[in-house]
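Single-structure report; data block below.
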Amino acid sequence: MYIRPEDVLSPRDKVKNLEIIINNDKEDYSIALLEYNGTECVGVRWNTTNEEKDNIGTPQSRGIPTWFILPKEIAKIYLEKFLEEKEKKEKNLKNRIRLYLNK
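Position 17, counted from 1, in the sequence shown is what my numbering calls 17; the numbers after and before it change by one each time, with no gaps.
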């Protein structure tokens with residue numbers, strides 16, 4: 001059973017302001033910025049395409065999908081690389097548009 005990452009809000013009293021950064025859909029993983037217990041964090045979870053009732057991705061707690069909170073040191077490295085790659089892609093797209101407009 002596929003659980004959309006934006007629907008993973010457990011534990012409800014701790015997870016707030018969930019924003020998905022990467023959603024590689026059913027066969028891969030999702031990464032999100034979220035507030036966990038009042039602290040801004042980066043969470044990760046493995047999605048699944050397995051149709052078995054109990055297979056709702058990982059991690060989970062008592063059959064309820066949850067997020068794995070990355071340690072801050074790892075999250076910082078990941079986010080820096082993520083922004084670097086995003087800026088590079090946007091720059092490449094802007095350059096292609098400029099080249100097109102100048103033809």
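Note that the Cβ used here is the ideal one computed from N, Cα and C, for glycine as well.
C-beta contact flag for residue i and residue j at 8 angstroms
i	j	result
G57	N47	yes
F82	R45	no
L70	V42	yes
Local conformation of residue i per DSSP, three classes
i	result
L9	coil
R45	strand
T66	coil
Supposed contact pair residue j and residue i - C-beta distance, whole angstroms, cut 8 angstroms
i	j	result
P5	A32	6 angstroms
V141	Y29	Because the chain in this structure spans residues 1 to 103, residue 141 falls outside the shown range and cannot be described.
Residue i: first and last residue of the uninterrupted beta strand (DSSP E) it sits in
i	result
N95	N95 -> not in any beta strand (DSSP E); alpha helix (DSSP H) instead, spanning 72-101.
N23	15-23
Y29	29-36
CA nearest to the CA of residue i, picked from the options
i	options	result
L9	M1, P59, N24	P59
D13	L34, I97, I20	L34
I22	R96, K103, L79	L79
S61	D7, K94, P11	P11
Proximity test, residue i beta-carbon vs the ligand NAP heavy atom, cut-off 7 angstroms
i	result
N24	The model depicted lacks the ligand NAP and carries no ligand whatsoever.
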